[in-house]
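Numbering (the working numbering), first residue to last: 3 to 876.
Ideal placement from N, C-alpha and C gives every residue a C-beta, glycine not left out.
Shown next, in structure tokens, is the structure this report addresses.
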Amino acid sequence: MSRPSAGQAHGGRDGIGRRIVGTLLLALAYAFAALLGGTLEVAPVNVSPVWPAAGVALAGLLLYGRSLWPGVFLGSFSVLAVVLVASTESLPRGLLTAAGVAAGASASAVFATFLVQRFALERVPPHSLRGLAALVGLGALIGPLPNTLIGTAMVGLAGYVEPHHLAGAAASWWLGDVVGILVAAPPLLLLGERHPIGPSRSVAEALLLLFLFLVVGAVAFGPWVPATRQYQLAYLALPLLVWAALRFGLAGAAAGNLLVASMAITWTAARQGPFAGLDVGESLRLLQIFVVVVSVTFLALAVVMEERAAAHRALSAARRELRNQVEEQTRALRHSLALLRATLDATADGILVVDGQGRIVSFNRRFLELWRLPRSLLEAGDDRAAIGAVLSQLEDPDGFRARVEELYGHPTAEAHDLVQLRDGRIFDRFSRPQWLDGQPVGRVWSFRDVTARRLAERERDRLLVQEQQARREAEQAHARTIFLSEASRALATSMSFAATARRVVGLALAGGGRFATLYLVDASGRPAPVAAAHFDGAAIGWLLEEDGGAPPVPNLDGRVRSTLEAGRSQQWRGDGELGPVLCVPLASRGRFIGVLAVGRRAGAGPFRREDAAVLEELGQRSALSLENAALLREAQEAVRVRDDFLSIASHELKTPLTTLKLQLQKMERILRRDPTDTRIVGLLQSVVRQSGRLHALIDELLDLSRITTHRIALVSEHLDFGELVAESVERSREPAARAGSSLLLTTEGELHGSWDRVRLEQVVGNLVSNAVKYGAGRPIEVRVRDQGDLVRLEVEDHGIGISPEDQARIFERFERAVASRHYGGFGLGLWIVRQVVEAMGGRIWVESVAGRGSTFTVELPRGQPQAAMGEHPP
3 MSRPSAGQAH GGRDGIGRRI VGTLLLALAY AFAALLGGTL EVAPVNVSPV
53 WPAAGVALAG LLLYGRSLWP GVFLGSFSVL AVVLVASTES LPRGLLTAAG
103 VAAGASASAV FATFLVQRFA LERVPPHSLR GLAALVGLGA LIGPLPNTLI
153 GTAMVGLAGY VEPHHLAGAA ASWWLGDVVG ILVAAPPLLL LGERHPIGPS
203 RSVAEALLLL FLFLVVGAVA FGPWVPATRQ YQLAYLALPL LVWAALRFGL
253 AGAAAGNLLV ASMAITWTAA RQGPFAGLDV GESLRLLQIF VVVVSVTFLA
303 LAVVMEERAA AHRALSAARR ELRNQVEEQT RALRHSLALL RATLDATADG
353 ILVVDGQGRI VSFNRRFLEL WRLPRSLLEA GDDRAAIGAV LSQLEDPDGF
403 RARVEELYGH PTAEAHDLVQ LRDGRIFDRF SRPQWLDGQP VGRVWSFRDV
453 TARRLAERER DRLLVQEQQA RREAEQAHAR TIFLSEASRA LATSMSFAAT
503 ARRVVGLALA GGGRFATLYL VDASGRPAPV AAAHFDGAAI GWLLEEDGGA
553 PPVPNLDGRV RSTLEAGRSQ QWRGDGELGP VLCVPLASRG RFIGVLAVGR
603 RAGAGPFRRE DAAVLEELGQ RSALSLENAA LLREAQEAVR VRDDFLSIAS
653 HELKTPLTTL KLQLQKMERI LRRDPTDTRI VGLLQSVVRQ SGRLHALIDE
703 LLDLSRITTH RIALVSEHLD FGELVAESVE RSREPAARAG SSLLLTTEGE
753 LHGSWDRVRL EQVVGNLVSN AVKYGAGRPI EVRVRDQGDL VRLEVEDHGI
803 GISPEDQARI FERFERAVAS RHYGGFGLGL WIVRQVVEAM GGRIWVESVA
853 GRGSTFTVEL PRGQPQAAMG EHPP
């Protein structure tokens, strides 16, 4: 049975289950002990001298809690019910008597457990004399009384015992419970508590002692010695019990008592041994008194010995603790002395202690270091010799000696003065008397090197200068922060590109420059100056022709290119009339967009790191502002182009529609007057031409949408490029003739290949119509040539030509080299041509001189790639 905890005894299914199991186990143990007690009955009175079940019940409740009392009831009831029912013809009377006796046994067990635990001051006795007294006096003597009274009453009422025998039965009942408790309970309690065995744990000694117990028990209680001599032999067991108590403690005493009682009771029940006299009652009483006396005596001896051993252990522990404390105090004293000595050696002051007779008592290492004296000189203890050894180091040796003699002549005087050494060191000298019981017994000299104080003062002055410098730098950093903050605010006030560029150079001057120039990378990747400012900030202007010139600034193109190549800021020293120059690259979105060059006047010092950092930060913020301004300008330009396109588109679409309307109205009037009038044919031809023009304009708008959204797929077929060009030229001869131009076609070589016929006709038609439009009525030459893997188309006119700055622009959307009011169209023809040519894997370019005409050249591979057309980034 495991001992339940409080939590297990009162909560949960586990606690209830364990309680039931414990109750059943205790019932079995009680029943077994009761049956064992029944086997020890002494004839002819059939009274058992010992009832071990009482000891089992008390031990079980002490160890595992009073809540297991139903186990005592069940065990007692089951045994008595069987015995009584078997011995009587009345089943109800037997069961009722068994229940009453079982109730008395349960009440005694609970009552004895309560008394023992209440007065023993220990949960499970006997570990002390108080616990043993509670177990014997309360548990064994008083505890069985309820069982005795209730049990005797029940068997008397049931008629199992005659009334005149009730007193004797009650006495025997009570003595049997007392003996059972004293014999059975201590071993069970010690076993349940797992009480240690000691001081001896020798198995051989235990076996020898057991053997001697058996031998002595057989001799003292057995049938081999005449009864007249066994009274004296019964006490041969006492030395063995003393041995067991002394060597094996409580466990040995309890086991020895159990062995002796078992053998004495067994032989007495067999009517053998010293207690088997003629009077059975007297024999039982003598046996029970013997067992009680022996059990109590040797349990008390074992308890006393264990308490003595515990006291001895406590005394030994106290002695060890005291010895440890003494050793610890000794170590602490030594530590204090060592600490005091270490403190004296570690102090910055040199200390010398002299007694009243002028003998050196103590000194520290610092004193030796300050005066550079050998230790042996001071260990000799002669103060006069030590004074003589230091005089050579002093600036005023006579004054030093006189002052020492004066203080020695006045034992209670105190002094503080300065001692100047020849090597430049200065000592603070302190001298105080050493007191003992109110009397001066010596003098303590203390010397402190204050040379370091002067160094510290100089260091303090230096740190003060550094602090002031740091404060100035902090103020400058704060000013730079304010400058950058204001610069950010200034750059954010306007999104105009021109205003932003002027602000950048103006802020660069405020950041510490005499002049500043802003360079931006143009479409060709070359840096070009766009804004500059002088030191006074008054001459700010664009470096572009339309802005009316620029302030005079030095040429820094080479240094700007070097900065862009290096990708980091670079500084050049002054050269002649040019002072130091700092070039800061401007980066935005992972690419360099320009350089900010800032210069100082000739002869000025270079830019400091802090100035360069400010200008670099200004450059980063300027790059972002310029990029934003450029994006805004592009957006505004896109809006303008859109508005222009809408204006042109409305005009271009309105023109053929107006012509169509006029021609149709004229035809209506003619038809009403004369349906056979021949002028109708000419009017119909004009209507067809205007419809074709309107259809071409609408096609251009559709192509714009399709190309932009990648919705035009090229369909290749094998064809003769020369024939296709010839057909397109033939279709354009009439419009060319109306414009006063003639078309001349020349083809050379093998011109077969795979292309999209429709789109290729669109390329040729747009180029020829463009030449007719801008050819100024002069001849137009169309040439088709074999170039190996390529074919080349050249369309040359001798018209107005294209200026160099417009030649790249004309291939963009809505762009044209001349004003839209002079020439019609949306400005989409050449852009569509470029998209088609590039989609076919070819390229297009123009060569032109203003006033002399233009030559558009297209080169195409013979096999076009199968891809959708779409606008590609430039």
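7 angstroms Cβ cutoff met for residue i and residue j
i, j, result
"residue 796", "residue 749", "no"
"residue 161", "residue 53", "no"
"residue 437", "residue 354", "no"
"residue 263", "residue 293", "yes"
"residue 79", "residue 56", "no"
"residue 743", "residue 782", "yes"
"residue 362", "residue 339", "no"
"residue 194", "residue 70", "no"
"residue 786", "residue 753", "yes"
"residue 844", "residue 861", "yes"
"residue 444", "residue 358", "yes"
"residue 298", "residue 138", "yes"
"residue 190", "residue 61", "yes"
"residue 521", "residue 596", "yes"
"residue 149", "residue 110", "yes"
Per-residue burial, residue i [other beta carbons within 10 Å of its own, 16 or more giving buried]
i, result
"residue 483", "exposed"
"residue 551", "Summary for residue 551: the model assigns pLDDT 44, below 50, so the residue's position carries little reliability; its value from the coordinates is reported in the next sentence. Per the 10 Å Cβ criterion, exposed."
"residue 761", "buried"
"residue 332", "exposed"
"residue 213", "exposed"
"residue 798", "buried"
"residue 366", "buried"
"residue 768", "buried"
"residue 252", "buried"
"residue 119", "buried"
"residue 847", "exposed"
"residue 22", "exposed"
"residue 291", "exposed"
"residue 561", "buried"
"residue 547", "Any reading at residue 547 must be qualified, since the residue scores a pLDDT of 38, below 50, and its modelled position is unreliable; the value itself is stated next. The residue in question, residue 547, is exposed, as its Cβ has fewer than 16 Cβ neighbours within 10 Å."
Paired residues, beta bridge with residue i - DSSP
i, result
"residue 596", "522 and 588"
"residue 432", "418 and 448"
"residue 851", "855"
"residue 744", "Answer by DSSP bridge pairing: none, since residue 744 is not bridged."
"residue 756", "720 and 865"
"residue 437", "442"
"residue 783", "746 and 798"
"residue 39", "According to DSSP, which records beta bridges pairwise, residue 39 is partnered with nothing at all."
"residue 845", "861"
"residue 1", "Residue 1 lies beyond the stretch modelled for the chain, which goes from 3 to 876, so this question has no answer here."
"residue 574", "583"
"residue 792", "789 and 863"
"residue 601", "517 and 583"
"residue 30", "Answer by DSSP bridge pairing: none, since residue 30 is not bridged."
Of the residues the options, the one placed nearest residue i, counting alpha carbons only
i, options, result
"residue 374", "328, 393 and 356", "393"
"residue 285", "266, 323 and 302", "266"
"residue 529", "591, 760 and 565", "565"
"residue 557", "369, 519, 568 and 755", "519"
"residue 813", "335, 840, 188 and 41", "840"
"residue 772", "143, 166, 802 and 416", "802"
"residue 76", "63, 473, 101 and 377", "101"
"residue 425", "401, 463, 372 and 431", "372"
"residue 784", "389, 791, 856 and 24", "856"
"residue 210", "20, 751, 615 and 250", "250"
"residue 399", "384, 412, 420 and 413", "420"
Proximity test, residue i beta-carbon vs the ligand FMN heavy atom, cut-off 6 angstroms
i, result
"residue 110", "Absence of the ligand FMN from the depicted structure is noted, as is the absence of any ligand whatsoever, leaving it without description."
7 angstroms Cβ cutoff, residue i in contact with chain B
i, result
"residue 272", "The chain inventory of the structure shown lacks chain B, comprising one protein chain alone."
Worksheet item: At what residue ranges does the segment 51-93 contain a whole run of the beta strand (DSSP E), taking only runs of 3 or more?
Response: With a minimum length of 3 residues, no continuous beta strand (DSSP E) run stays inside the segment 51-93.
Worksheet item: Could you give the uninterrupted runs of the alpha helix (DSSP H) lying entirely in the segment 349-382, keeping only those of 4 residues or more?
Response: Those alpha helix (DSSP H) runs which fall completely within the segment 349-382 and span 4+ residues are 367-373 and 377-381.
Discussion item. Going residue by residue through the segment 228-299, where are the continuous alpha helix (DSSP H) segments of at least 4 residues, counting only ones entirely within it?
Written reply: Taken in chain order, the unbroken stretches of alpha helix (DSSP H) that lie wholly in the segment 228-299 and span 4 residues or more are 229-235 and 239-271.
Worksheet entry | Ranges of the alpha helix (DSSP H) found wholly within the segment 109-192, counting only runs of at least 4 | As far as the segment 109-192 is concerned, its whole alpha helix (DSSP H) runs of at least 4 residues are 131-135 and 147-159.
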